[in-house]
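Quick mapping for you: the protein sequence lines, in order, are chains R and E.
All letters in the first sequence, in the order written, are residues 9 to 203 by my numbering.
All letters in the second sequence, in the order written, are residues 9 to 203 by my numbering.
This report concerns only the one structure given below.
There are 2 protein chains.
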Amino acid sequence: MGTTARKKSAKKELILATAAAMFREKGFAASSMRDLAEKIGIEAASLYNHIQSKAQILEEIIDGVSEKCQAHLDHLEKSNSSSLEKIESLIRFHTGMMMNLFEAYSVMVGQWMHLEGDKLLDFVANRREYVKKMEAIVEAGIQKGELKSLTPYVVVLNILSAVRGLEFWQRSAKTHTAKEMEDNIVIHLIGGIKK
Amino acid sequence: MGTTARKKSAKKELILATAAAMFREKGFAASSMRDLAEKIGIEAASLYNHIQSKAQILEEIIDGVSEKCQAHLDHLEKSNSSSLEKIESLIRFHTGMMMNLFEAYSVMVGQWMHLEGDKLLDFVANRREYVKKMEAIVEAGIQKGELKSLTPYVVVLNILSAVRGLEFWQRSAKTHTAKEMEDNIVIHLIGGIKK
DNA sequence: CCTACCGATCGGTAGG
DNA sequence: CCTACCGATCGGTAGG
């Protein structure tokens, strides 16, 4: 990251991370700037030395995750893997994001509707485009005879929804490891489309 | 039932239905009693002649859906269908709920965390029990050799998550019918566990 | 079902 | 990063 304008102070990162945890748990609207400040150990007014508004916190959390997803898909589209390999890569990438960026990823998929104005419109447009690109990968696999003839839109929705379902999984319970969860999602969802 | 009681009941149903639509769209915390009253065409204070509190509205919406799910599963457990038939029934029941009780079902799966006190504890306990019962059905299918040896918990999560993913589906777009969505979910998710 | 109103809390600002 | 504070809005009540 170095000296670019995108560099963020440690305090701002702390605010974003703490806010992500709070937004995920209680929802954006039910999270107050006073509660956020208290968790960090400062007064509410002091938050505004690091961020401009509550809305901006949400935007930055979501943009950070969204850009990583876009980058992965762009890279995947250029590869010459098989359709099945690409779909497995998508499943493993998204489960990995859910595991490693749990709070931020959950906020993206569950709190995006609290974005405002152009930020909301952009997110919805980007998400639709992302889904369309995933559909195209599924469609190509069907055309090549690698996959069953299913509605690509449903396959894409099932994959993204299954990943989202991991939010419900209790990591602390330790009854199932992250690897077991991920592998079983792959087997179930790849198994259901493989010809 | 007298005329007054019938009117009051109809009005309460209108409040619950209007609130469900609003809670689903904006989230529970971001929905105000004033906005709710305005959509119905009365003053905010008048709502309290029909309901006791904002929290109670959420409770009644969720309880209504939750009880229907419990009833279906209880009935299914007593049937002597095969494991695969039971799982398909679960998928089709939940997709049907999502299609026909769209607002209320979405509020249950997306707004339950705004329940308070015992209502929250009860919901979480009931949901865990529901998942355990679904897992038992999957487990029985594995034991009988009907299904692949997958982690039942993941299969259950994938099924319930796929149904939840239908919230994202734009019914108005008409590019895919309800039946196409449901059938494709069944083929994908049953296909992935069938031995 | 309304008017009038309550105390609490919200996001955010001014000024140091 | 703080104290002090703003106007707006919240869920809900009293009384008719």
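Backbone N, C-alpha and C fix where the C-beta goes; we use that ideal spot for every residue, glycine too.
Residue(s) in a DSSP beta bridge with residue i
i, result
"K187 (chain E)", "According to DSSP, which records beta bridges pairwise, K187 (chain E) is partnered with nothing at all."
"L202 (chain R)", "Sequence inspection shows Lys at residue 202 (chain R); the Leu mentioned does not correspond to that position. Answer is R:L155, bridged to K202 (chain R)."
Residue i to residue j span [Cα, whole Å]
i, j, result
"L109 (chain R)", "N57 (chain E)", "46 Å"
"F131 (chain R)", "V73 (chain R)", "12 Å"
"Q60 (chain R)", "A25 (chain R)", "16 Å"
"K34 (chain E)", "D82 (chain E)", "33 Å"
"V117 (chain R)", "K141 (chain E)", "28 Å"
"K19 (chain E)", "D43 (chain R)", "37 Å"
"Y138 (chain E)", "S17 (chain R)", "45 Å"
"A29 (chain R)", "A52 (chain R)", "17 Å"
"L123 (chain E)", "I69 (chain E)", "11 Å"
"A144 (chain E)", "K203 (chain E)", "17 Å"
"A5 (chain E)", "E67 (chain E)", "The structure shown does not extend to residue 5 (chain E), since chain E spans only 9 to 203, so no value can be given for it."
"E147 (chain R)", "V164 (chain R)", "11 Å"
"G173 (chain E)", "I50 (chain E)", "34 Å"
"I23 (chain E)", "A63 (chain E)", "13 Å"
"L129 (chain E)", "Q178 (chain R)", "16 Å"
"K156 (chain R)", "E46 (chain R)", "53 Å"
"K182 (chain R)", "R136 (chain E)", "16 Å"
"I262 (chain E)", "I99 (chain E)", "Only positions 9 to 203 of chain E appear in this structure, which leaves residue 262 (chain E) out of reach."
"K127 (chain R)", "S89 (chain R)", "34 Å"
"Q206 (chain E)", "F101 (chain E)", "What is shown of chain E runs 9 to 203, which leaves residue 206 (chain E) out entirely."
"G125 (chain E)", "Q119 (chain R)", "23 Å"
"E154 (chain R)", "D71 (chain E)", "44 Å"
"E4 (chain E)", "E111 (chain R)", "The structure shown does not extend to residue 4 (chain E), since chain E spans only 9 to 203, so no value can be given for it."
"E21 (chain R)", "M121 (chain R)", "23 Å"
Distance CB(residue i)-CB(residue j) smaller than 8 Å
i, j, result
"I193 (chain E)", "N166 (chain R)", "yes"
"S87 (chain E)", "E175 (chain E)", "no"
"H196 (chain E)", "V171 (chain R)", "no"
"S180 (chain R)", "S169 (chain E)", "no"
"I198 (chain E)", "E96 (chain E)", "yes"
"K94 (chain E)", "L84 (chain E)", "yes"
Chain R within 8 Å of residue i, Cβ atoms only
i, result
"V115 (chain E)", "no"
"H80 (chain E)", "no"
"L165 (chain E)", "yes"
"T185 (chain E)", "no"
"W177 (chain E)", "yes"
"V162 (chain E)", "yes"
"L129 (chain E)", "no"
Residue i at chain E interface by Cβ criterion, 8 Å
i, result
"G72 (chain R)", "no"
"E188 (chain R)", "yes"
"L66 (chain R)", "no"
"A170 (chain R)", "yes"
"I201 (chain R)", "yes"
"G49 (chain R)", "no"
"A144 (chain R)", "no"
"G35 (chain R)", "yes"
Integer-rounded CB distance, given that residue j should sit under 8 Å from residue i
i, j, result
"S91 (chain R)", "K152 (chain R)", "6 Å"
"A186 (chain R)", "M105 (chain R)", "Not really, about 12 Å apart at Cβ, beyond 8 Å."
"E190 (chain E)", "T103 (chain E)", "4 Å"
"I65 (chain E)", "A27 (chain E)", "5 Å"
"F31 (chain E)", "S39 (chain E)", "5 Å"
"T159 (chain E)", "H80 (chain R)", "About 26 Å separates the two Cβ atoms, so there is no contact after all."
beta-carbon residue i near the ligand NAP non-hydrogen atom, thresh 7 Å
i, result
"M107 (chain E)", "The ligand NAP is absent from the structure shown, which contains no ligands of any kind."
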